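See structure below.
Numbering (this note's numbering), first residue to last: 998 to 1729.
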C-alpha cells in the first residue's frame, strides 16, 4: 500500500482525527472477543453467500448463452452437415480436427494423423500440433472417447457444452476479480450483470463457438484474478505459493489455446514494467511474473514442437531485456525527481533498444517470417506509408481490424457501464498521477520526519495493476475492433470495483468536502444496488423476448455444395477457393485443401495469394498453371466475391489483387475512380459471362482458358448474386 501525506507544518506530528478515531475503534474491537467472533462469522457468511452467487451467476450465464445458440440455429433439429456449416470460417477448421480425432481408429493413429497431416495443405505434409493451437480439440476428443457418455451425448454437444461451460468460469473469474479489488461481492455481482447486459460487446461465443479466443479468455480472466490477489501486500507464504501456481497454470493454458497469446501477454508485461519502474509494485513480484510468462510460453513452445513464432516473439525479447537492464541499472529508484526521471527515460530507451536487438537476432537465426504480416499491417494502419502488400491490405480492409465503431459507446452507455467506467477511471488516474509524482520525488527525507497531514491518497498495487491494464487494453480496442472483447469485459470489472470501493468514494467525498465514514458506506452499497435494479428493470423484458424468439439455420446453397462434393468427387480430390469456404469443405467433406484460414505461416500466405489469382486480372492459362502447381482438381468460385458488395471499391478482393499485382497505378481507396487495369480477364468474369445469376455448380473440362463449360453437374441457381458459387473442375 502506497500513501501520500501532505505535511502540515515542520513541528506537527498529529495524524488526522478520522484516522486516529479509526485506530482507536480497531484497538477497542481487538480487545473484545465477542466483537472479533462476530466479525469472523460475518466474514464467513459473506464469503459463503458471495461464493454461491458467483457460481450461480456463472452457470446462469452459460445456460443463457447456450439457449441463445439453440434458439438462433435450432441446433438440436438441423442436420449434421448444417451443424458443421454453422461453424463458419476458421471455426470449422478447428472443429474438423476434433472430428478427425474421433473418427480415427485409435488415439495413436489420430495423433499420427495430426502430426503428419497431408490433407490440410495439398502436396505438403505439416505438423498441425506445431502450426495451430488445437491441443484443446485433442484433449476433448480423448475425454469423449474415454468417458462413458457416447450413448447419451453427441460429440458436437460435448464440444459446444464445454465452451459454454468455460463461459461460466469466465464470468466467475471476472466476479472474483472485482470482489478482490473492492472487498465486497456486490461488486462482482454488478460486474457479471454488466457482462451479460452488454453481451454484444463482451462476447461472441454463441455464434463463433470454436474460436480460439473463446477457449483462451476464461484462462486469461483467471490469471488476472490470481495476479490481483498475488499483488496484495503481506500475503502468507503458503497463499503466495498457491497463487503463483494458479498464475502459472492459467498463463500456460491461455498461451496453449490462442496463437495471439504472446501479443496479449506483451501488453501485460508492459503493465508490469510501468508499475515496477514507478515503484508501484514490489520488484520481486514483478520478477516472478516475468519469469512465469516466459516459462509458460517456452513450455507451450516445447509442446508445439519448438514453434519458431513463439521463440521469436516480442514478449520473450522484452522480458529478457527488462531483466538485463535492471541488473545494469541497480540505482534506478534513488535520487531527486529530475534525477529519477532521467534515469527512467534512459532505462526505457535501453529496454526498447535491447528488445529490438534481441528480437532481430533471434528472427535472423531462426529465419522467422511468420509474423511479418502483422508488423506490415500495423505499419500501414498507423499511417507509416501505404503498402501494396496483399496480406496487410487484406487486414486493413476488414472491419474487425478497423477502429472501434462509435456506436459501441452508445450501447455501453445504455447500461450505464461507460459512464461508471469513466467516473472510476478519472479518479484512479488522478490518484495514480499523484502517487507517481510522490514516488519519483526524493521522499526519503519527508518520510523520515514523520510529519503527516489530513490529506491521504492511497493506491493499492492490485488497483494500480488493473488501472494500467484497462488503459492499455483500451487503446488496443480503440485501434482494433476485434480486440474490444479484452477491454469490455475488464471494463465491467473495473467500473463495478470503483463504485463499490471505499477508497474511490473517500477520495471523491474529500475533494468536495463531504467526507464522512457513514457516507462512504452508504454510497458504496446504494449506488451499485440502484444500478442493479435499473439493469433488471430495463433489460429483463428484452432478455426474455430474446429467449423466446425462435429462428432456424438456413443456408441451402452451402448445404447443396457440400452434398455435391461428397457425392460427385473422389475422396482424394483437392479443392481450391477462398480460405473461409474451404474450412467448411475440410470439415464437411474431408477433402484436401490448397489453403485455409489459419494465416500464421508465410508459405501459406503466399499460397493463398496465388490461389486467389482466380479473382485477379490474370489470364486463365496462368491461373490454371498456378492451381495445378498446388495439385488442385477443383476450384470453387463464389459470387459473393465476384460481385462483392460488402466492401467499397478499393477493398474488394479483386481490387487488392490488382494492387498487389501492379495492375493499378496508385493504391486504391474507397470511391476512387482512376484505375489502370490490365487487359487480361479474371476466371470469375470468364465463366459467369457478366451475369448476376448463374448455375451454382458447373464443370470446367474444356481447353484451359477456353471459357466453355462442357458438362453441367449441377443446375441449382443461387437465390442472389452474393449467395451462389461455382465449382470448376480443372482437367488437363
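All C-beta atoms, glycine included, are put in the ideal place defined by N, C-alpha and C.
Since we're looking at a predicted model, the values are computed, not measured.
The C-beta distance from residue 1252 to residue 1294 rounds to 5 Å, short enough to meet the 8 Å contact threshold. Nearest to residue 1590 by C-alpha distance, out of 1117, 1551, 1109, is 1117.
For residue 1181, same chain residues with a beta-carbon under 6 Å away, outside a window of 5 residues either side, are 1497 in chain order. In this structure, the CA atom of residue 1499 is about 25 Å from the CA atom of residue 1271. With a cut-off of 8 Å on Cβ pairs, the segment 1175 to 1192 is not in contact with the segment 1235 to 1247, counting fewer than three such pairs. Judged by DSSP secondary structure, residue 1572 falls within the beta strand (DSSP E) whose first and last residues are 1571 to 1573.
For residue 1091, the enclosing alpha helix (DSSP H) begins and ends at 1087 to 1100. Inclusion of residue 1307 and residue 1297 in the CB contact set at 8 Å is warranted, their separation being smaller than that value. Residue 1051 sits close to residue 1172, with the two beta carbons spaced by under 8 Å.
In the three-state DSSP reduction, residue 1202 falls in the coil class, being neither helix nor strand. Uninterrupted alpha helix (DSSP H) stretches at least 4 residues long and entirely within the segment 1229 to 1293 occur at 1234 to 1254, 1258 to 1274, given in chain order. Taking a C-beta distance under 8 Å as the contact criterion, residue 1055 and residue 1165 qualify as a contact pair. The residue among 1577, 1168, 1426, 1588 with its C-alpha nearest the C-alpha of residue 1569 is 1588. For residue 1363, the enclosing alpha helix (DSSP H) has its first and last residue at 1334 to 1363. Boundaries of the alpha helix (DSSP H) harbouring residue 1522: 1514 to 1545, taken from the DSSP string. One Cα belongs to residue 1176, the other to residue 1190, and the distance between them is close to 14 Å.
Contact between residue 1355 and residue 1274 does not hold, since the beta-carbon distance rounds to 19 Å and is not under 8 Å.
By the criterion of a C-beta distance shorter than 6 Å, residue 1205 is surrounded in its chain by 1088, once the five residues flanking it on both sides are discounted.
Per DSSP, reduced to three states, the secondary structure at residue 1511 is coil, with no helix or strand assignment. Under the three-state reduction of DSSP output, residue 1371 falls in the helix class.
The continuous beta strand (DSSP E) containing residue 1631 extends over residues 1631 to 1635. Where residue 1487 is concerned, the enclosing alpha helix (DSSP H) starts and stops at 1481 to 1496. Secondary structure at residue 1409: helix, using DSSP grouped into helix, strand and coil. The straight-line gap separating the alpha-carbon atoms of residue 1567 and residue 1488 is approximately 52 Å.
Burial is judged here by how many other beta carbons sit within 10 angstroms of a residue's own beta carbon; residue 1262 has at least 16 and is buried.
Counted as a single uninterrupted DSSP element, the alpha helix (DSSP H) harbouring residue 1316 occupies residues 1311 to 1325. Following the DSSP letters along the chain, one finds residue 1329 in no alpha helix (DSSP H), marked with neither H nor E.
Straight through space, the alpha carbons of residue 1334 and residue 1090 are spaced by roughly 55 Å. Where residue 1548 is concerned, there is no enclosing alpha helix (DSSP H), because DSSP gives it neither an H nor an E.
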